[in-house]
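Structure first, commentary second.
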Amino acid sequence: MHFSKILLPTLREDPSEAEVISHRLMLRGGMIRKLASGIYSYLPLGLRSIRKVEGIVRQEMNRAGAQEIVMPVVQPAELWQQSGRWNFYGKELLRFKDRGARDFCLGPTHEEVITDLVKREVKSYKQLPINLYQIQTKFRDEIRPRFGLMRAREFIMKDAYSFDVNNEAAEKSYQCMHEAYCRIFERCGLQFRAVEADTGSIGGSFSHEFMVLADTGEDLLVSCGSCNYAANLEKAEIRRSKTNNPEKAGEKALEKVATPKMRTVEEVCEFMQIKPGNLVKTLIFETENGPMAALVRGDCEINEIKLKNFLKVETLGLADDQLIEKVTHAPMGFSGPINLSVPIIADHSIESMENFVTGGNEQDAHFRNTNFPRDFQPKHFADIRVAKEGDGCPRCRGELKISRGIEVGHIFKLGTKYSKSLGAYYLDEHGKERLMVMGCYGIGIGRTLAAAIEQNHDSNGIIFSLPLAPFQVLILPTNIGQENVVRVAEEIYSGLRARGIEVLLDDRKESAGIKFKDGDLIGIPIRITIGPKGLMEGLVEIKKRNETQKYSVKVEEVLGRVGEIIEKELGA
RNA sequence: CGGGGCGUAGCGCAGCCUGGUUUAGCGCACCUGCUUUGGGAGCAGGGGGUCGGAGGUUCAAAUCCUCUCGCCCCGACCA
58 MHFSKILLPT
68 LREDPSEAEV
78 ISHRLMLRGG
88 MIRKLASGIY
98 SYLPLGLRSI
108 RKVEGIVRQE
118 MNRAGAQEIV
128 MPVVQPAELW
138 QQSGRWNFYG
148 KELLRFKDRG
158 ARDFCLGPTH
168 EEVITDLVKR
178 EVKSYKQLPI
188 NLYQIQTKFR
198 DEIRPRFGLM
208 RAREFIMKDA
218 YSFDVNNEAA
228 EKSYQCMHEA
238 YCRIFERCGL
248 QFRAVEADTG
258 SIGGSFSHEF
268 MVLADTGEDL
278 LVSCGSCNYA
288 ANLEKAEIRR
298 SKTNNPEKAG
308 EKALEKVATP
318 KMRTVEEVCE
328 FMQIKPGNLV
338 KTLIFETENG
348 PMAALVRGDC
358 EINEIKLKNF
368 LKVETLGLAD
378 DQLIEKVTHA
388 PMGFSGPINL
398 SVPIIADHSI
408 ESMENFVTGG
418 NEQDAHFRNT
428 NFPRDFQPKH
438 FADIRVAKEG
448 DGCPRCRGEL
458 KISRGIEVGH
468 IFKLGTKYSK
478 SLGAYYLDEH
488 GKERLMVMGC
498 YGIGIGRTLA
508 AAIEQNHDSN
518 GIIFSLPLAP
528 FQVLILPTNI
538 GQENVVRVAE
548 EIYSGLRARG
558 IEVLLDDRKE
568 SAGIKFKDGD
578 LIGIPIRITI
588 GPKGLMEGLV
598 EIKKRNETQK
608 YSVKVEEVLG
618 RVGEIIEKEL
628 GA
């Protein structure tokens with residue numbers, strides 16, 4: 058492709074709308090343009106890279122035995138009503154009516170459609186397992202789209218769905234996808250971790266997220282420094298520390314202290330001259346089974362998802378002021394475990410504490426020297442707090458560390474949630490009707506590309522790895538006014554193309570400086586610079602975008618050298 | 001949905017507070033010509049704006065008031 062012919066509108070300055078680096082570079086590099094909030098056009102350069110990601114995904118999915126299909130974007134409400142998600146999914150599901158006033162939606166995901174398709178077409182255990190996938194545009198009416206392709210409303214996603222005869226087989230399918238995902242993100246040249254994740258409202262028994270490590274990531278993940286345990290922060294377990302504190306000094310008498318208007322942990326600690334580690338926070342939650350209290354050490358936070366999973370409840374939320382007063386007979390800020398009538402769940406973090414401070418369940422009062430089981434009795438001790446840097450790994454003796462990541466893929470073992478609601482049965486070898494066991498597996502294509510840029514850039518622009526680069530080679534003639542420069546550039550261009558290499562030739566009548574800047578900005582991995590001075594000695598220059606070194610190469614050796622570099626990097 | 005910010009040429013911005021000397025301006029980009037050509041060139045000429053939209057105040061509105069739409073950021077929410 059000649060630069061003068063491709064629609065590649067690079068920008069000299071950062072557009073004011075873009076905050077994160079990948080968004081800025083994709084706009085400046087002429088890869089994408091915004092049409093509306095969270096809705097983007099892919100320009101030729103951007104689309105080329107998108108297609109590269111898709112290509113890798115497609116190859117690995119096919120290799121893993123999945124079959125590609127394409128399902129409709131527009132989906133009838135009936136299916137969603139059957140699965141129960143028409144009411145459950147919320148405003149993210151963009152709904153509309155056709156001319157006959159029938160309800161439709163734009164597909165945010167395709168469990169309903171695929172399950173309906175498979176239940177109609179697959180009848181026998183002989184046809185299972187089957188894994189079907191598509192690479193297709195999804196629409197989710199996000200509350201707050203942001204960061205360009207990172208969190209868009211309209212976005213390209215690979216979604217795959219597996220159907221198996223039973224749990225064991227489904228877990229095999231899940232494992233197979235897990236491995237395929239690792240290969241995909243490795244081939245994309247990304248630093249990532251597969252982390253244990255909460256299954257959320259999609260349900261199912263277990264789930265992993267694939268996180269690209271990046272400081273700008275929206276998600277927090279914990280990982281063990283010693284073993285390979287890694288989990289989303291909202292899921293991360295914590296090793297239970299030694300129960301008995303050998304340095305216990307002996308219980309002191311319970312003492313009520315006046316703490317006028319001291320509500321927060323900080324205020325109470327300041328007022329009573331104690332550390333947050335000597336205080337126990339009492340939080341009142343509301344569930345469908347009624348209110349309950351959760352206790353955690355003052356310097357820790359309750360993890361609502363872990364609490365919710367421990368309680369096995371559908372809904373869990375912090376109580377409002379009214380409920381707090383009803384439960385504790387005191388305004389917010391003075392809740393404590395003593396004389397509470399609701400069930401108490403205590404985090405492991407308070408197990409070894411003694412003589413600690415708690416709320417007085419009375420306005421402007423706290424207790425000093427609280428102890429259990431003397432003063433109150435938790436119904437359960439459990440792991441219900443948010444993991445912190447340095448906490449013990451639940452799988453080994455190591456310590457957990459916290460990092461940021463971008464979720465580029467998510468795999469779920471769904472179980473029979475959708476096969477049950479939509480009636481996806483097969484006949485087993487005894488002619489008995491059984492539910493199919495499902496899994497679903499998603500990859501955000503655009504987000505993967507954005508994450509790659511987030512992870513690989515410098516002050517001059519994008520640094521594409523060869524597998525994702527929109528072009529593999531950039532030919533940069535410094536002066537197209539010189540006949541021999543142009544001739545050699547075109548010869549090398551044709552030569553590389555004949556070898557199946559993707560080349561961009563910057564034939565614009567621009568100064569060399571502009572071409573260098575644009576070349577760095579769009580991040581083509583290999584640059585061949587052709588200038589009049591070098592040509593007098595029969596030399597051109599090769600430079601890789603991710604290295605500072607420049608190599609002078611004889612014109613007749615260029616094709617071979619470039620071929621070697623590409624073979625080495627793509628083969629590896 | 002709550003809080004904050006912004007809409008002036010393709011991009012980045014000034015002008016607004018204190019209405020009129022501004023025919024609405026600057027840099028970059030764009031078009032023509034010439035000179036340049038190894039890290040965002042120079043000179044000369046040129047095109048492009050209903051100042052987001054609607055209403056109002058006024059002799060007079062980019063500027064003041066009201067409403068509205070869009071965009072961005074923080075938060076809440078969330079397969």
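Numbering of the first sequence is given in this note's numbering, commencing with residue 58 and proceeding in unit increments. A virtual CB, placed ideally from N, CA and C, is assigned to each residue, including glycine.
Does the distance from the CB of residue i to the CB of residue j come in under 9 Å?
| i | j | result |
| --- | --- | --- |
| PHE212 | VAL337 | no |
| ASP563 | PRO589 | no |
| SER522 | GLY246 | yes |
| VAL170 | MET234 | no |
| CYS281 | CYS450 | yes |
| ILE558 | TYR238 | no |
| LEU531 | LEU561 | yes |
| LEU64 | LEU100 | yes |
| LYS392 | GLY416 | Inspection of the sequence shows that residue 392 is occupied by Ser rather than by Lys. Contact flag set, yes. |
| ALA481 | LEU492 | yes |
| ASP255 | ASN366 | yes |
| ALA130 | LEU84 | For clarity, residue 130 is Val in the given sequence; the question names Ala instead. It is not a contact, given that the beta carbons lie outside the stated cut-off. |
| ASP216 | LYS229 | no |
| GLY580 | HIS514 | yes |
| GLN139 | LEU471 | no |
| VAL179 | TYR483 | yes |
| ILE500 | GLY466 | yes |
| PRO394 | THR473 | no |
Short of 8 Å in beta carbon distance, which residues of its chain neighbour residue i, apart from the five on each side in sequence? Order them along the chain.
| i | result |
| --- | --- |
| ASP404 | ALA351, LEU352, VAL353, ARG354, CYS357, ILE359, PHE438, ALA439, ASP440, ILE441 and ARG442 |
| ALA315 | ASP421 and ALA422 |
| LYS154 | ASP160 and PHE161 |
| ILE89 | MET83, TYR97, SER98, TYR99, LEU100, GLY103, GLY205 and LEU206 |
| ILE502 | ILE107, VAL110, GLU111, VAL114, ILE192, PHE212, ILE213, MET214 and LYS215 |
| LYS436 | PRO400, ILE401 and ILE402 |
State the start and end residues of the unbroken alpha helix (DSSP H) segment that holds residue i.
| i | result |
| --- | --- |
| MET83 | 78-85 |
| GLU446 | Element bounds for GLU446: n/a, residue is neither H nor E. |
| THR385 | 378-385 |
| ASN426 | Taken as a continuous stretch (DSSP letters only), ASN426 belongs to no alpha helix (DSSP H), being part of the beta strand (DSSP E) at 422-427. |
| LYS338 | Note, LYS338: premise wrong, no alpha helix (DSSP H); beta strand (DSSP E) at 337-344. |
| ASN144 | 142-145 |
| VAL314 | No alpha helix (DSSP H) contains VAL314, which is instead part of the beta strand (DSSP E) from 312-315. |
| TYR238 | 224-244 |
| LEU627 | 615-628 |
| CYS326 | 322-329 |
| THR172 | 168-178 |
So residue i and residue j are in contact, right, with Cβ under 8 Å, and what is the actual spacing, rounded?
| i | j | result |
| --- | --- | --- |
| THR172 | TYR475 | 5 Å |
| ILE520 | ARG602 | 5 Å |
| ILE599 | VAL619 | 7 Å |
| VAL279 | HIS265 | Not really, about 14 Å apart at Cβ, beyond 8 Å. |
| ASN428 | GLU291 | No, ASN428 and GLU291 are not in contact; Cβ-Cβ is about 32 Å, not under 8 Å. |
| VAL612 | VAL545 | 6 Å |
| PRO582 | ARG105 | About 13 Å; that fails the 8 Å criterion. |
| ASP71 | GLU149 | 30 Å between Cβ atoms; not a contact. |
| GLU117 | ARG240 | 5 Å |
| VAL543 | LEU592 | Actually they are not in contact, since the Cβ atoms of VAL543 and LEU592 sit about 11 Å apart, beyond 8 Å. |
What first and last residue would you give for the beta strand (DSSP E) that runs through residue i?
| i | result |
| --- | --- |
| PRO348 | 347-354 |
| ARG250 | 249-253 |
| ILE459 | 457-472 |
| ASN418 | First-last for ASN418: undefined, no H or E at that position. |
| CYS497 | 494-501 |
| LYS195 | 187-196 |
| MET268 | 263-270 |
| SER639 | The displayed coordinates of the chain run from 58 to 629. Any statement about residue 639 would go beyond what the structure contains. |
| VAL127 | Per DSSP, VAL127 belongs to no beta strand (DSSP E) and is neither H nor E. |
| GLY374 | 373-375 |
| TYR97 | 96-99 |
Identify, in the order they occur along the chain, each residue of the same chain with its Cβ nearer than 6 Å to the Cβ of residue i, setting aside the five sequence neighbours on each side.
| i | result |
| --- | --- |
| ARG320 | GLY390 |
| ARG297 | HIS405 |
Ignore the nearest five residues each way along the sequence and tell me which others in residue i's own chain have a CB closer than 7 Å to its CB.
| i | result |
| --- | --- |
| LYS313 | GLY417, ALA422 and PHE424 |
| ARG452 | CYS281, CYS284 and TYR286 |
| GLY595 | LYS611 and VAL612 |
| ALA310 | ASN426 |
* Touch check for the region 345-357 and the region 382-394: three-plus C-beta pairs under 8 Å? -> yes
* To do: Mind the definition here: the region 458-465 touches the region 192-199 only if three or more C-beta pairs lie below 8 Å; say whether that holds.
  => no
* **Inter-stretch contact at 8 Å, needing at least 3 Cβ pairs: the region 80-98 / the region 197-214** => yes
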